[in-house]
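**Q** The opening residue of the sequence shown carries number 1469 in my numbering; numbering runs sequentially from there. Ideal placement from N, C-alpha and C gives every residue a C-beta, glycine not left out. Would you mind keeping the following structure in view while I ask a few things?
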Amino acid sequence: MKALKRLFVILLAVAMIVTVVGCHPKDEVAVTIGDFEFTSAYYMCALMAADSEAKSKVDEAKANETEETEEEHNHEEGEEEVEETTEETDYYAEKIDDKDYVTWVEDTAIENLKKIAAYKTLCKENKLELDEETESSVDSYTDYYWSSYGYSMYYEPNGVGKTTYANYMRDSYYSSLYFDHLYAEDGEKEIAAKDVKAKINDNFIIANMLTASFSEMEEDDVKATQKQFKAYEKELKEGKRSFLEIYNEYNKVEETEEETTAQETEESKPKDENATILGAEGTTYESEYYDTVKKMKKGAIKLIEEEDGIVLVVKQDIKADKYYYETLDSEARHLIADDEFEADILEYAKTLKADINKYATGQFKVKKIKEPEYN
């Protein structure tokens, strides 16, 4: 009997040890880099981001391969189309930068955490803190993406809660904070205003644009829309109507006189509120019409007819409105200095040591990342 009791006590003790070891505590630290600790759930955010990036790289590589194959085929066989295949990609069988898929994702997740730690460390050293407006933006964007954009359906099944996602999003702002510290007006490496202005003029234009998509139109409606847009083009060229009148008519907007409050007067806004910013390739305002419209003269009118839609364009002068130089100032500075900035951060991040809690990170497997299922 004593032997049985002793055995029971030993088995109970072993069971307790297994239970304790097998449980991952809340806010368990998975990675420590310098003064900053990243929880298991936070590490999962980085892993998911790296996995998404890896899939994009594989898809892009395969798209380029397909394009090259089609070009070779067309060159050899004339203009015959290559038969399309709908083969599903086995991402885990692919290699990225001579690494197998899973290794690349895991390594990139740690590298990204090191970059985040680098931004936060440099901000801390320079006594830079996120302001109230930024904190408010984090809260608003978190709520929007989590609930309205369906991010909860992606993160929650993978063990990431809203609070962790908010922290992950908040930390992304330290990059901009440190960038501005260096390159903004009065920064340590301030970019001259004339260079910023030149970059804006080289990469952005503005135009009034009236667009119509044919994707959900019947053939008769397409023909009617084409006819209507040609009539609009003629009226504009003959000076019979303004773009605003045409725009309001097509979109069924009722013109009303609105009282302008003192606050609205003080707010920065464009002279022409119907103007659209068109950016060159690689900008946040990147537009497929940029090259075409850039060649047009100020005030020129053009009808762009395509298979899936039609666009009526009136070229405007971005140089005539200081609003755009204020609005695009930050992006222009990034276009000028991003390469240098990112290279410096990468070099700095390499000097940081990542202490990885393998037990904490080991519970997350790249191949087990759950993709969201939409109805």
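1) Just mark THR1733 as buried or exposed, buried being the case when its beta carbon has 16 or more other beta carbons within 10 Å.
2) By alpha-carbon positions, which one of ASN1580, LEU1780, THR1576, VAL1573 ends up nearest to ALA1743?
3) Hey, could you find the ends of the beta strand (DSSP E) PHE1672 is sitting in?
4) Buried or exposed, going by whether 16 or more other CB atoms sit within 10 Å of the CB of LYS1667?
5) What separation, rounded to the nearest whole angstrom, lies between the Cα atoms of ALA1561 and LYS1836?
6) Alpha carbons only, please: which of TYR1559, TYR1623, TYR1816, ASP1789 is nearest the one belonging to TYR1587?
7) Given that a residue counts as buried once 16 or more other Cβ atoms are within 10 Å of its Cβ, and exposed if not, what is THR1819?
8) Just tell me which of LYS1783, TYR1792, ASP1565 has its CA closest to the CA of GLU1521.
9) Rounded to whole angstroms, what is the Cα-Cα separation between TYR1641 and ASP1807?
10) On the three-pair Cβ rule with 8 Å, is the region 1823-1837 touching the region 1681-1698?
11) With DSSP collapsed to three states, give me the class of THR1553.
12) If you run the structure through DSSP and keep just helix, strand and coil, what is ALA1692?
13) Within a Cβ cutoff of 6 Å, which residues of the same chain sit near THR1576, ignoring the five residues on either side of it in sequence?
14) Quick one: give me the first and last residue of the alpha helix (DSSP H) that THR1760 is part of.
15) Helix, strand or coil, according to DSSP, for GLU1773 in the structure here?
16) Compare the beta carbon distance of ARG1801 and ILE1673 with 7 Å and say whether it is the shorter of the two.
17) Buried or exposed for LEU1581, please, with buried defined as at least 16 other CB atoms from any protein chain shown within 10 angstroms of its CB.
18) I'd like the list of long-range same chain contacts for ILE1578, defined as Cβ closer than 8 Å, with 5 residues on each side in sequence excluded.
19) Return yes when the Cβ of ILE1501 is within less than 7 Å of the Cβ of ALA1585, no when it is not.
20) Let me check understanding here. Comparing Cα to Cα, which of TYR1646, THR1602, VAL1628 lies closest to TRP1614?
21) Just verifying my parser: in three-state terms, what is the DSSP assignment at VAL1781?
22) Helix, strand or coil for VAL1628? Go by DSSP, reduced to three states.
23) If we count the other Cβ atoms within 10 Å of its Cβ and call it buried at 16 or more, is MET1484 buried or exposed?
24) Determine the burial state of GLU1535: buried for a count of at least 16 other Cβ atoms within 10 Å of its Cβ, exposed for fewer.
25) Distance, Cα to Cα, ASN1626 vs PHE1506?
26) By a C-beta neighbour count over all protein chains shown, 10 Å radius and 16 as the cutoff for buried, is THR1589 buried or exposed?
27) Beta carbon of ASP1785, beta carbon of LYS1766: below 7 Å?
28) Mind checking whether ILE1778 and PHE1711 have CB atoms under 7 Å apart?
29) Tell me which residues share the same chain as VAL1526 and place their Cβ nearer than 6 Å to its Cβ, disregarding the 5 neighbours each side in the sequence.
30) Does DSSP classify PHE1647 as helix, strand or coil?
31) Can you give me the C-alpha to C-alpha distance between LYS1702 and LEU1771, rounded to a whole angstrom?
32) Does DSSP classify ASP1823 as helix, strand or coil?
33) Look at the alpha carbon of LEU1678 and the alpha carbon of TYR1715, and state the distance between them as a whole number of angstroms.
34) Determine, for LYS1592, whether the minimum Cβ-Cβ distance to residues of chain D falls below 7 Å.
35) Would you report the Cα separation of THR1602 and LYS1708, rounded to the nearest angstrom?
**A** Working from what's here:
1) Since pLDDT at THR1733 reaches only 48, below the 50 mark, its modelled position is unreliable, and no value is offered.
2) LEU1780
3) 1672-1681
4) buried
5) 15 Å
6) TYR1816
7) exposed
8) ASP1565
9) 18 Å
10) no
11) Bear in mind that a pLDDT of 48 at THR1553, under 50, signals an unreliable position, so the number given afterwards is only what the model happens to contain. If DSSP states are grouped into helix, strand and coil, THR1553 belongs with coil.
12) helix
13) ALA1518
14) 1758-1762
15) strand
16) no
17) buried
18) VAL1499, ALA1514, ALA1822, ILE1824
19) yes
20) VAL1628
21) strand
22) coil
23) Since pLDDT at MET1484 reaches only 38, below the 50 mark, its modelled position is unreliable, and the value read off the structure follows with that caveat. Flag for MET1484 reads exposed.
24) exposed
25) 16 Å
26) buried
27) yes
28) no
29) TYR1559, GLU1562
30) helix
31) 10 Å
32) strand
33) 7 Å
34) No chain D is present in this structure, which holds just one protein chain.
35) 47 Å
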